[in-house]
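> In the working numbering, the protein residues as written are 152 to 838.
Questions regarding the structure given below will be posed in turn.
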């Protein structure tokens, strides 16, 4: 519950306020005063009548009615203070900085629960406990430093961790990133990351609110709510980037299938962010860099000009852009000659454009204008300019400043000399710009942004999927937790419109002989029963005669747990993989990649959250490191990408209406330019 008293309080009381500015109660009062808070400030301190020039009261019973209370006292004292203020002083917002609650002990959790019951009973907001506080353009209720420049169109930062929020601010301030609000939700007993996003979504005003949200998340309590409000904000014109920490543990799961072995909570997070359109970051530097990119004019293409006076950084930036699928087009011919004529001998103009360390601000200005006006194959410019300390950079940075104000194409300033040219960089940032001091981090961030999908459409793709038939098949299965029989697998996949290779399962040789003769040799034989067929010698390829088939049948029926033998025609194609794993709270995570042993050895898979749109499926396929193999490379035929995407989408629709499916493998599918067919499939159902 986010109340007006939390966002724009007319009065604030700091409980535990101190004249010692090195204590949380002293630091937060200092920040409120220096932040220019315009409302009534009060303090509670039993030993003082005035704290930092603010009237002080001995306890909560003596203070006048107050909108917001900020508590910086021991945890054990907080429940009684909250109850007194909420009941008697009409306080409808609380920020509890104190630690020692549910994050530490059971006794602390009891205290926390009592506070929650009180604030809920009185319709009040609660931030924390165990946080650094909240600051916006109205009030700076935090005890930490730095305090960034706050502006209504700055960035909204929402962080599960107070310390991480501080470190993100440290990084952002040096880059010139401005903020609108900073939320440290701490234990998030009442208000968590999802709650703040929901409020921002439901109350979004495009004319006055920030369009950039940066998130640091330690626990996603409600994935559906995060998805709903993040994607809604993005559709309204916002941009969101996030770090999800603590996703490396696979958790306790049975690795009884390829999917079960490789699926993890991280796969679910990746899938959720892809569906929502959130840019995923993996470090504070990446997050603040992406936030800075968001403040610049939107990119309209993938082609960059790298303009510099230092060759090495230009090459490293080019490498980073190329690795992310972005382009640094070569400048040649008449354009190259015209550019070169305006520079000193030795300058390179092929792109990167190196105007040399002796290059002048006028030459930089000419180069930017040339890329802006005459090079249609350039969509944006990167300007890398530092100094070894021999000259000042004021004039050079003034050129970049002026061009950023007038050019249609975005300009990304990379000013690495934050120490040697500290005064010049500070002057540049003071004009409202951001600075990307590391070119490789910028290149990585840009690739994440450019390659990120838009939020997925909420509609479910139903065409070609027989939902009633799927439900009849699932409902007919017996109760329990098991891998279903091959004939049931075939029926479910046919109902979803996913092609399967013809097959016959039998316990006698004659039936398999007849099927092999009908489909034609060579054929493949597989044991039915053991989950991992290859591990027990339960797969035989390229069987060319009835005698060979008979021998393999007899051998396989001796394998422990063997119940029958399956025969299929021997097909050729590129091996692909599609699988799914049910994750608590998230639903079905769908995975795709190269098939066969590659899925286990390389683990080159991408994930999406069912149900999937076609745009999501294409994004999953194209984010694979092996995408060039799927497209076709070095004379080898690729596979039908449209058909691959269709199978992924149809599988996700099947899962949406058959939630009893907990694990599924289609591995391998065989792909050719003409189509794709599933050769082997396993489905585990829990009813």
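Glycine residues also receive a C-beta, built at the ideal position from the N, C-alpha and C atoms.
Around the Cβ of residue 196, are there at least 16 other Cβ atoms within 10 angstroms (buried) or fewer (exposed)?
Position 45 of the chain shown holds residue 196. It is buried - the Cβ of residue 196 has at least 16 other Cβ atoms within 10 Å.
> Residue 520: buried (16+ other C-beta within 10 angstroms of its C-beta) or exposed?
Mapped onto the chain shown, residue 520 falls at position 369. Residue 520 comes out exposed.
> What do you get for residue 545, buried or exposed, if any count of 16 or more other CB atoms within 10 angstroms of its CB means buried?
The residue you call residue 545 lines up with position 394 of the chain shown. With fewer than 16 other Cβ atoms within 10 Å, it is exposed.
> Kindly list the residues whose CB is nearer than 7 Å to the CB of residue 685, restricted to its own chain and excluding five residues on each side of it in sequence; keep chain order.
In the chain shown, the residue the question calls residue 685 occupies position 534. There are no such residues.
> How would you label residue 585, buried or exposed, when you count the other beta carbons within 10 angstroms and need 16 or more for buried?
Walking along the chain shown from the start, residue 585 turns up at place 434. Residue 585 comes out buried.
> By DSSP's criteria, residue 738 is part of a beta bridge. Which residues make up the other side?
Here residue 738 refers to the residue found at position 587 when the chain shown is read from its first residue. Residue 738 is bridged to 734.
> Go through its chain and collect everything with a Cβ distance to residue 725's Cβ below 6 Å, but skip five positions before and after it.
One-based indexing of the chain shown puts residue 725 at position 574. Around residue 725: 790, 822.
> Which residue comes first and which comes last in the alpha helix (DSSP H) that contains residue 347?
Here residue 347 corresponds to residue number 196 of the chain shown, with the count starting at 1. Unbroken alpha helix (DSSP H) run through residue 347: 344-353.
> Could you check the C-alpha separation between residue 761 and residue 695 for me, to the nearest Å?
Taking the first residue of the chain shown as position 1, residue 761 is located at position 610. Taking the first residue of the chain shown as position 1, residue 695 is located at position 544. Using only the alpha carbons, I get a separation of about 41 Å.
> From 537, 515, 573, 642, pick the residue whose C-alpha is nearest to that of residue 554; which is it?
Sequence index remark: in the chain shown, residue 554 carries index 403 (1-based). Among 537, 515, 573, 642, the Cα nearest to that of residue 554 is on 515.
> Three or more C-beta pairs closer than 8 Å, one from the segment 375-390 and one from the segment 605-620: is that the case here?
In short, these stretches touch, since the Cβ pair count reaches three.
> Is it buried or exposed for residue 434, if we count other Cβ within 10 angstroms and need 16 for buried?
Taking the first residue of the chain shown as position 1, residue 434 is located at position 283. Its Cβ having fewer than 16 others within 10 Å, residue 434 is exposed.
> Quick check on this structure: which residue in 532, 350, 542 has the alpha carbon closest to the alpha carbon of residue 587?
Along the chain shown, read from residue 1 onward, the residue named residue 587 stands at position 436. If we check each option's Cα against that of residue 587, 532 comes out closest.
> What is the C-beta distance between residue 270 and residue 329, in whole angstroms, given that I count them as a contact (C-beta under 8 Å)?
Within the chain shown, the letter at position 119 stands for residue 270. Within the chain shown, the letter at position 178 stands for residue 329. That pair is no contact at about 32 Å.
> If you measure between the beta carbons of residue 317 and residue 278, is that distance less than 8 Å?
Translated into the one-based positions of the chain shown, residue 317 becomes position 166. Translated into the one-based positions of the chain shown, residue 278 becomes position 127. No, these two residues do not count as a Cβ contact at 8 Å.
> Pick out whichever of 169, 327, 732 has its Cα sitting closest to the Cα of residue 208.
Within the chain shown, the letter at position 57 stands for residue 208. The option with the nearest alpha carbon to residue 208 is 169.
> Here's the rule I'm using: 16 or more other beta-carbon atoms within 10 Å means buried, otherwise exposed. How should residue 484 be labelled?
By one-based count along the chain shown, residue 484 stands at place 333. Residue 484 is exposed by the Cβ-count criterion.
> Name, in chain order, the residues that DSSP records as bridge partners for residue 757.
Here residue 757 is taken as the residue at index 606 of the chain shown, counted from 1. Bridge partners of residue 757: 743.
> What is the DSSP secondary structure of residue 702, counted as helix, strand or coil?
Here residue 702 refers to the residue found at position 551 when the chain shown is read from its first residue. Reduced to three states, the DSSP call for residue 702 is helix.
> Identify, in the order they occur along the chain, each residue of the same chain with its Cβ nearer than 8 Å to the Cβ of residue 582, setting aside the five sequence neighbours on each side.
Here residue 582 is taken as the residue at index 431 of the chain shown, counted from 1. For residue 582, where only same-chain residues beyond five positions count, the Cβ hits under 8 Å are 552.
> Is the separation between the beta-carbon of residue 663 and that of residue 700 shorter than 8 Å?
Translated into positions along the chain shown, residue 663 becomes position 512. Translated into positions along the chain shown, residue 700 becomes position 549. Yes, they are a contact pair.
> Tell me the DSSP secondary structure of residue 176 in three-state form.
For the purposes of this step, residue 176 is taken as the residue at position 25 of the chain shown. In this structure, residue 176 counts as helix in the three-state DSSP scheme.
> Using 8 Å as the Cβ pair cut-off and three pairs as the minimum, do the segment 490-499 and the segment 614-634 touch?
No, the segment 490-499 is not in contact with the segment 614-634.
> Could you have a look at residue 835 and say whether DSSP puts it in helix, strand or coil?
Residue mapping note: residue 835 aligns to position 684 of the chain shown, counting from 1. In the structure shown, residue 835 sits in a strand (DSSP, three-state: E or B).
> Should residue 732 go down as buried or exposed, given a rule of 16 or more other Cβ atoms within 10 Å for buried?
Mapped onto the chain shown, residue 732 falls at position 581. It is buried - the Cβ of residue 732 has at least 16 other Cβ atoms within 10 Å.
> If you run the structure through DSSP and keep just helix, strand and coil, what is residue 307?
Mapped onto the chain shown, residue 307 falls at position 156. Residue 307 falls in the strand class under three-state DSSP.
> Pick helix, strand or coil for residue 782, following the three-state DSSP scheme.
By one-based count along the chain shown, residue 782 stands at place 631. Three-state result, residue 782: helix.
> State yes or no: is the C-beta of residue 211 within less than 8 Å of the C-beta of residue 245?
Position 60 of the chain shown, counted from the first residue, corresponds to residue 211. Position 94 of the chain shown, counted from the first residue, corresponds to residue 245. No, they are not a contact pair.
> For residue 595 and residue 764, what's the separation of their Cα atoms in angstroms?
Numbered from its first residue, the chain shown carries residue 595 at position 444. Numbered from its first residue, the chain shown carries residue 764 at position 613. Rounded to the nearest angstrom, the two C-alpha atoms are 26 Å apart.
> Would you call the segment 730-745 in contact with the segment 707-715, where contact means no fewer than 3 C-beta pairs closer than 8 Å?
With the cut-off at 8 Å, the segment 730-745 and the segment 707-715 do not touch.
> Can you tell me whether residue 363 is buried or exposed, with buried defined as 16 or more other CB within 10 angstroms of its CB?
Within the chain shown, numbered from 1, the residue matching residue 363 stands at position 212. With 16 or more other Cβ atoms within 10 Å, it is buried.
> Three-state secondary structure (DSSP) at residue 719?
Working through the chain shown from its first residue, we reach residue 719 at position 568. Reduced to three states, the DSSP call for residue 719 is strand.
> Could you give the distance in angstroms between the alpha-carbon of residue 338 and the alpha-carbon of residue 291?
In the chain shown, residue 338 corresponds to position 187, counting from 1. In the chain shown, residue 291 corresponds to position 140, counting from 1. Cα to Cα, residue 338 sits roughly 20 Å from residue 291.
> How close, in whole Å, do the beta carbons of residue 456 and residue 526 come, if the pair is a contact with beta carbons under 8 Å?
Position 305 of the chain shown, counting from 1, holds the residue named residue 456. Position 375 of the chain shown, counting from 1, holds the residue named residue 526. Right, the Cβ-Cβ distance comes to about 7 Å (below 8 Å), so this counts as a contact.
> Using the DSSP secondary-structure output, state which residues sit across from residue 505 in a beta bridge.
Your numbering for residue 505 matches position 354 in the chain shown. Residue 505 is bridged to 459, 499.
> Rounding to the nearest angstrom, what Cα-Cα distance links residue 327 and residue 580 in this structure?
Taking the chain shown and counting its residues from 1, the one referred to as residue 327 is at position 176. Taking the chain shown and counting its residues from 1, the one referred to as residue 580 is at position 429. Between residue 327 and residue 580, the C-alpha separation is close to 5 Å.
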